[in-house]
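Enquirer:
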Amino acid sequence: MSSHSTVSDPPKTRWLSTSEAAAYLGVSVNSVRNYIAGGRLKVHRMGPKLLKFNVAELDRFVEGRCKR
Numbered sequence: 001m002s003s004h005s006t007v008s009d010p011p012k013t014r015w016l017s018t019s020e021a022a023a024y025l026g027v028s029v030n031s032v033r034n035y036i037a038g039g040r041l042k043v044h045r046m047g048p049k050l051l052k053f054n055v056a057e058l059d060r061f062v063e064g065r066c067k068r
């Protein structure tokens, strides 16, 4: 019998589309685009036209907005 320690997998990053991010934040898609253009929201380009948003980063964005 071999003994080995199990290593848990690192948490997987959850990605949302622009419309999903807008729904998650409770704002319009245009608001999300304005946040990106203003440098207030980080977006990841997965291709020439494919934008994805990290849920953890969206949560930090919301926390930052609530502190104002």
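All the letters of the sequence shown, read from the start, carry residue numbers 1 to 68 under full-length UniProt numbering.
Heads up, the beta-carbon is just placed ideally off N, CA and C, and yes, glycines get one too.
As the structure is a prediction and not an experimental result, all values here were calculated from the model.
(1) Please report the straight-line C-alpha distance between Val-62 and Tyr-35, rounded to a whole angstrom.
(2) For Leu-25, is the classification buried or exposed, using 16 other Cβ atoms within 10 angstroms of its Cβ as the cut-off for buried?
(3) Please classify Leu-41 as buried or exposed, where buried requires at least 16 neighbouring CB atoms within 10 angstroms.
(4) So what's Leu-25 in DSSP terms, helix, strand or just coil?
(5) Per DSSP, which residues does Arg-45 bridge with? Please list them.
Expert: Looking at the atomic coordinates:
(1) Along the sequence shown, read from residue 1 onward, the residue named residue 62 stands at position 62. Along the sequence shown, read from residue 1 onward, the residue named residue 35 stands at position 35. Roughly 12 Å between the two C-alpha positions.
(2) Counting from one through the sequence shown, the residue named residue 25 turns up at place 25. By the 16-neighbour rule on beta-carbons within 10 angstroms, Leu-25 is buried.
(3) As a working mapping, residue 41 is identified with position 41 in the sequence shown. Leu-41 is classed as buried because its beta carbon has at least 16 other beta carbons within 10 Å across all chains shown.
(4) Position 25 of the sequence shown holds residue 25. Note: Leu-25 maps to helix in three-state DSSP.
(5) Counted from its first residue, the sequence shown places residue 45 at position 45. Bridge partners of Arg-45: Leu-51.
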